[in-house]
Amino acid sequence: MEKLLFESLDKNKAVFDKNFENAADYFFKPVTVSGKKAAIVMCEDLVDTIKLWQIFMEPLNNLKITDNNLFDYIFDNTAIPFNPTVCKDFRQAMFFLTAGFALLLIDGESRALVMAVQGYPSRGVDKPTNESNLRGSKESFTDTGRKNMGMIRRRIRSNNLVVKTLQSGSKTKTEITVYYHTDYCPQEMAEKVMDKLKSIDLPMIFESGYISPFIDDTKGSLFQSVGYTERPDTLCAKICEGKIGIIVDGTPFAIYYPSFFHENFTTNDDYTQRPYFASFIRLIRYFAFFIAVALPGFYVAFTSFAPQAVANKLLFLVYSSQNATPLPLFAEAVVITILLEIIKEAGLRLPAPIGSSVSIVSALIIGDAAVNAGLIGSAMLIVCALSTISSFIVPSFYEAVIILRLIFIICAGLFSIPGLAFATLYLLVNIIIVNSAGYQYADIFYTNREMIFKDGITKASWRNMKTNYDLKGIKNENR
Numbered sequence: 269m270e271k272l273l274f275e276s277l278d279k280n281k282a283v284f285d286k287n288f289e290n291a292a293d294y295f296f297k298p299v300t301v302s303g304k305k306a307a308i309v310m311c312e313d314l315v316d317t318i319k320l321w322q323i324f325m326e327p328l329n330n331l332k333i334t335d336n337n338l339f340d341y342i343f344d345n346t347a348i349p350f351n352p353t354v355c356k357d358f359r360q361a362m363f364f365l366t367a368g369f370a371l372l373l374i375d376g377e378s379r380a381l382v383m384a385v386q387g388y389p390s391r392g393v394d395k396p397t398n399e400s401n402l403r404g405s406k407e408s409f410t411d412t413g414r415k416n417m418g419m420i421r422r423r424i425r426s427n428n429l430v431v432k433t434l435q436s437g438s439k440t441k442t443e444i445t446v447y448y449h450t451d452y453c454p455q456e457m458a459e460k461v462m463d464k465l466k467s468i469d470l471p472m473i474f475e476s477g478y479i480s481p482f483i484d485d486t487k488g489s490l491f492q493s494v495g496y497t498e499r500p501d502t503l504c505a506k507i508c509e510g511k512i513g514i515i516v517d518g519t520p521f522a523i524y525y526p527s528f529f530h531e532n533f534t535t536n537d538d539y540t541q542r543p544y545f546a547s548f549i550r551l552i553r554y555f556a557f558f559i560a561v562a563l564p565g566f567y568v569a570f571t572s573f574a575p576q577a578v579a580n581k582l583l584f585l586v587y588s589s590q591n592a593t594p595l596p597l598f599a600e601a602v603v604i605t606i607l608l609e610i611i612k613e614a615g616l617r618l619p620a621p622i623g624s625s626v627s628i629v630s631a632l633i634i635g636d637a638a639v640n641a642g643l644i645g646s647a648m649l650i651v652c653a654l655s656t657i658s659s660f661i662v663p664s665f666y667e668a669v670i671i672l673r674l675i676f677i678i679c680a681g682l683f684s685i686p687g688l689a690f691a692t693l694y695l696l697v698n699i700i701i702v703n704s705a706g707y708q709y710a711d712i713f714y715t716n717r718e719m720i721f722k723d724g725i726t727k728a729s730w731r732n733m734k735t736n737y738d739l740k741g742i743k744n745e746n747r
């Protein structure tokens, strides 16, 4: 049973003082409200003190009543903005204090008024860094869950937009906000996701990646049924398609569920460009995905085991560079792939002003020196570099692409053409076994085929996309 607040103001102060004895920002200020002893309790770095004074302290200082039940009078008859849920125990009070709320304690009352006067430091709304676009919104999510909530509400002006919050993490009590639209999202799916979130038993949660494994139904696949975005407009579009949006307080990256394979090849600019150009770019993305995954493996297999399938001039260049290197093509491809990943990781972890410079300089110097020294062939370096660059075109698949590329190289180097067939089968199986809330990951290719050319592999004009389907199977005239 939770320890309840005392009626005595002094006893409550003693408990708060004991719990926050090592907190430099803890603030317990005795005040007088209409002749009664009271106190304001807060963590001052989390509270907007100007807001607290203007909309709370000043009205209370001018309050003159003779009502014996001062607490209920303030709660019922003043316009002071506070949380309508009255705090009655210390555990709840501690949570509100550390979340940026202020508490009003009145002597003789075993309750506290919770005032929404948060003013903790937060990052402003910036441009998207990972999902840039030429046209459309230039806003990205922030680290503050409440600001993100406002950006979503501003875009989906509907009373059918459901917004639910819960706390997770036994140590951090992190706020998780769930969004879905009752007109488009199946209620059963929404309830299932809520149950999964409530069952999470982690000591701390600081990022959406902490909770995504608990939502993803897929096991044993390199792909996942959970999508990520840092853009409010993208998340709102997913919500209007019947998906569920999840935002973890403290991170600018939101989750949407379920996610489908073809969605990773679309961008916001596709919906603002002419359909023929958007379709052309989408086809390039699919081709780039193939290059990123399979090009080094195909290169190894055909040049090593099926040279008759390679043009004579190209084959001569390959053998010329291969004879000057000590490693077989298979080992050479693995070494170069790992080396490029090391360079990329170094550039990513270094401070931004020098990270990109280090990546470029490292690639140029090390690559040129390795080729001149005869350690690697120039042809293989070009193939692996092209494969690495292509992987950046579909960034949401980057983790899976690296593993698949190595699998293709190893299978091709050990088993030749049959190895490529096995690796291709492995790729297809990884896509097929992913289940997104009862929907197949590659759903658009065999259960919703009419959308393949509307908004799948290619993009139709908005005149032809005026009618679409959401996850409830209801035609949405306002997509």
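Sequential numbering from 269 applies to the sequence shown in the working numbering.
We treat Cβ as the ideally placed atom computed from N, Cα and C, and that holds for glycine.
Ignore the nearest five residues each way along the sequence and tell me which others in residue i's own chain have a CB closer than 8 Å to its CB.
| i | result |
| --- | --- |
| I559 | L654, S655, S658 |
| F482 | K464, L465, S467, I468 |
| L674 | V602, T605 |
| S630 | I611, A614, G615 |
| V669 | F557, A560, V561, S659, V662 |
| I242 | Residue 242 lies beyond the stretch modelled for the chain, which goes from 269 to 747, so this question has no answer here. |
| T440 | P471, M472, I473, F474 |
| L595 | V603, L643, I644 |
| L608 | A631, C652, A653, T656 |
Apart from the five residues just before and just after residue i, which ones in its own chain have a Cβ nearer than 7 Å to its Cβ?
| i | result |
| --- | --- |
| E456 | none |
| K297 | A307, I308 |
| I699 | F491, F529, Y709, A710 |
| I685 | A569, F573, A574 |
| F339 | I374, E377, R379 |
| V626 | A614, G615, L618 |
| T540 | R403, G404 |
| G635 | L649 |
| N287 | M362 |
| D501 | G404, S405, R423, N536 |
| G413 | E443, T445, I515, D517 |
| V299 | A306, A307, I308 |
| Y666 | S659 |
| K722 | A728, N732, M733 |
Can you pull the DSSP bridge partners for residue i?
| i | result |
| --- | --- |
| I514 | V446, I523 |
| A370 | M383 |
| Y707 | S704 |
| G495 | Y524 |
| S480 | Looking at the DSSP assignment, S480 forms no beta bridge with any residue, so it has no partner. |
| V697 | BP columns for V697 are empty, so no partner. |
| F284 | None; F284 has no bridge partner. |
| S436 | T442 |
| Y294 | C311 |
| L503 | Beta-bridge pairing links L503 to no other residue. |
| K727 | D723 |
| L429 | H449 |
| L272 | D357 |
Could you tell me how far apart the beta carbons of residue i and residue j are, in whole angstroms, since I believe they sit closer than 8 Å?
| i | j | result |
| --- | --- | --- |
| D375 | L503 | About 47 Å; that fails the 8 Å criterion. |
| T450 | G518 | About 28 Å; that fails the 8 Å criterion. |
| S436 | L470 | 7 Å |
| M310 | L365 | 6 Å |
| K511 | L739 | 7 Å |
| L331 | S302 | 5 Å |
| V516 | E475 | 6 Å |
| Y419 | E407 | For the record, residue 419 in the displayed sequence is Met; it is not Tyr. That belief holds up - the Cβ atoms of M419 and E407 are roughly 6 Å apart, short of 8 Å. |
| V586 | A647 | 5 Å |
| L381 | V354 | 7 Å |
| V430 | Y452 | Not confirmed; about 11 Å, so no contact. |
| S588 | I523 | Rounded, the Cβ-Cβ distance is 50 Å, inconsistent with contact. |
I'd like the list of long-range same chain contacts for residue i, defined as Cβ closer than 6 Å, with 5 residues on each side in sequence excluded.
| i | result |
| --- | --- |
| G687 | C679, A680 |
| L583 | P575 |
| V385 | V315, D316, K319, L320, A370 |
| N732 | none |
| A705 | M457, P526 |
| V461 | I512 |
| V702 | T486, S489, F491, S493, Y709 |
| P396 | S408, E498, R499 |
Exercise. Three or more beta-carbon pairs under 8 Å between the segment 526–542 and the segment 488–503, yes or no?
Worked result: yes
For this session: Taking only runs that begin and end inside the segment 297–361, name each unbroken alpha helix (DSSP H) of 4 or more residues, in chain order.
Result: 317–320, 326–329, 338–345
For this session: Evaluate contact between the segment 562–577 and the segment 589–609, counting only Cβ atoms and requiring at least three cross-stretch pairs below 8 Å.
Result: yes
Problem set entry | Residue ranges of each alpha helix (DSSP H) within the segment 525–605, 4 or longer | 543–573, 580–591
For this session: Mind the definition here: the segment 352–366 touches the segment 273–287 only if three or more C-beta pairs lie below 8 Å; say whether that holds.
Result: yes
Exercise. Is the segment 284–291 in contact with the segment 379–396, if contact means three or more CB pairs nearer than 8 Å?
Worked result: no
For this session: Kindly provide the ranges of any alpha helix (DSSP H) runs that are 4 or more residues long and lie completely inside the segment 643–676, ordered along the chain.
Result: 646–659
Problem set entry | Three-pair Cβ contact test at 8 Å for the segment 534–552 versus the segment 721–731 | yes
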